[in-house]
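In what follows, a single structure is set out as structure tokens and then discussed.
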Amino acid sequence: MRLLITVFILCAHLLSGVMAQNRPEGDICGYWFTEEEEAIIAIDAHEDGSFFGKIVWLIPPHEIDKESPNYGIPQKDVASGESILNLTILYDLTTKDGKKWKGRVYDPRKGSCHRCKIELSEAKDLLYLRGYIGISLIGRTITWRRASHIPPERD
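Mapping to this note's numbering: the sequence shown position 12 is 14, numbers consecutive.
The structure is reproduced here in structure tokens:
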């Protein structure tokens with residue numbers, strides 16, 4: 003019986019190490035102020051290892067998306083004219099090295115989706131997001147700053 007328990011504990015320990023190696027790099031996870039500091043995006047990981055980001059704080063808190071939030075985004079529950087609070091704007095983000103990510107970004111002000119590249123600063127407090135069409139040379143880079151928490155809602 004003792005041998006069985008020892009083998010079980012050893013297997014559990016070995017499996018936990020293998021599972022930890024397969025986890026995605028989570029340095030990108032957390033809260034990020036947008037460049038204008040009008041919104042906070044929460045970035046988190048899916049179970050499949052990809053990352054997503056959604057608007058969790060906004061000034062004004064109930065800004066309306068007058069464009070088309072379904073343009074290229076696999077979200078059937080969002081209809082044009084709804085608040086963009088809780089809208090997923092970053093999706094399918096993947097990384098190979100935990101320093102750079104590729105995926106898609108939705109711009110709620112323009113109602114358009116683009117490919118994006120994200121890079122984390124060495125200090126891990128700045129996030130450089132480049133949205134582009136086709137090739138990354140044709141695009142724009144914005145800088146987001148890490149937020150330690152979500153501020154209270156303002157009117």
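Here a beta-carbon is modelled for each residue, glycine too, at the ideal position from N, C-alpha and C.
Rounded to whole angstroms, what is the Cα-Cα separation between residue 97 and residue 59? Translated into the one-based positions of the sequence shown, residue 97 becomes position 95. Translated into the one-based positions of the sequence shown, residue 59 becomes position 57. Spanning the two alpha carbons is a distance of roughly 26 Å.
Between residue 126 and the rest of its own chain, which residues show a CB-CB distance below 6 Å, the 5 nearest in sequence each way excluded? Here the question's residue 126 lines up with position 124 in the sequence shown. Excluding positions up to five away in sequence, the list reads 29.
Residue 145 burial status per 10 Å Cβ neighbour count (16 or more: buried): Residue numbering aside, residue 145 sits at position 143 when the sequence shown is read from its first letter. Exposed: under 16 other Cβ atoms inside 10 Å.
Counting along the chain, where does the beta strand (DSSP E) carrying residue 150 start and finish? Stepping through the sequence shown from its first residue, residue 150 is reached at position 148. From DSSP, residue 150 is part of no beta strand (DSSP E); its letter is neither H nor E.
On a CA-only basis, which of 147, 45 and 87 is nearest residue 105? Give me that one, please. To locate residue 105, count along the sequence shown from 1; it is residue 103. Minimum Cα distance to residue 105 is reached at 45.
By DSSP, does residue 57 sit in helix, in strand, or in coil? For the purposes of this step, residue 57 is taken as the residue at position 55 of the sequence shown. Three-state result, residue 57: strand.
Helix, strand or coil, according to DSSP, for residue 105 in the structure here? As a first step, residue 105 must be located in the sequence shown, where it is residue number 103. The answer is strand: DSSP assigns residue 105 an E or B state.
Among 140, 112 and 100, which has the Cα closest to the Cα of residue 118? For the purposes of this step, residue 118 is taken as residue 116 along the sequence shown, with counting starting at 1. Residue 118 has its Cα closest to that of 140, out of 140, 112 and 100.
Do residue 148 and residue 32 have their C-beta atoms closer together than 8 Å? Stepping through the sequence shown from its first residue, residue 148 is reached at position 146. Stepping through the sequence shown from its first residue, residue 32 is reached at position 30. Contact flag set, yes.
For residue 161, I'd like the list of residues in its chain whose CB is within less than 8 Å of its CB, leaving aside the five on either flank, ordered along the chain. Any property of residue 161 remains undetermined from this structure, which presents the chain solely from 3 to 157.
I need the boundaries of the beta strand (DSSP E) containing residue 46, first residue and last residue. Walking along the sequence shown from the start, residue 46 turns up at place 44. Unbroken beta strand (DSSP E) run through residue 46: 41-47.
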